[in-house]
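>
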Amino acid sequence: MAIGLAIAAGSAIFQKRQENIAIGKQNKAARAQRRIARAQEARKRRAAVQEAQIASAEVEAAGAATGSGTSSNVIAASTSIASQLGSNLNFLATTTELADEASTALSGAADARSVGATVGAVGGLALANDTRLDNLFL
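Counting from 1 along the sequence shown, just add 2 to a position and that's the residue number in the working numbering.
#1: Under 7 Å between the Cβ atoms of residue 50 and residue 87?
#2: Residues in its own chain within less than 8 Å of residue 1 by CB, not counting five upstream and five downstream?
#3: Would you call the CB atoms of residue 43 and residue 94 closer than 7 Å?
#4: What do you get for residue 107, buried or exposed, if any count of 16 or more other CB atoms within 10 angstroms of its CB means buried?
#5: Ordered along the chain, which non-local residues of its own chain (more than five positions away) have a Cβ less than 8 Å from that of residue 48?
#6: Please state whether DSSP places residue 88 in a helix, a strand or coil.
#7: What is the DSSP secondary structure of residue 69, counted as helix, strand or coil?
#8: Residue 32 and residue 109: beta carbons closer than 7 Å?
#9: Quick check: residue 76 and residue 69, are their CB atoms within less than 7 Å of each other?
#10: Could you tell me how far apart the beta carbons of residue 98 and residue 40 are, in whole angstroms, since I believe they sit closer than 8 Å?
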């Protein structure tokens, strides 16, 4: 019985170490995914700003070509472009924030699974070797 208990204990310890390694790698992957998401967001932000600048320049050029460079239509179009840019940038920030929250939740879930597996291994160890837990600690 002592040999079986030692093997079971060693197996539980090894399982826990492997789970910790897996959690570490999962967390590292989650951090990398967050960095990728931030880089993609930065690229999209730059593209959105550039598109807005081009659209605004086109509106101003069209206004200047028609002699209505300061007309309310040109001002309204420029304001609309700026508003749309703000909305697009807010959307990008929100999606990145949500991706970070999801990644954090997945890391937490991995940690909880590890704790659950450890508790399960200890419980299985106790049940496999003796149905009376008080004998396990004598």
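C-beta atoms are modelled at their ideal positions from N, C-alpha and C, and glycine is treated no differently.
A quick look at the data gives this:
#1: yes
#2: The displayed coordinates of the chain run from 3 to 140. Any statement about residue 1 would go beyond what the structure contains.
#3: yes
#4: exposed
#5: none
#6: helix
#7: coil
#8: yes
#9: no
#10: 6 Å
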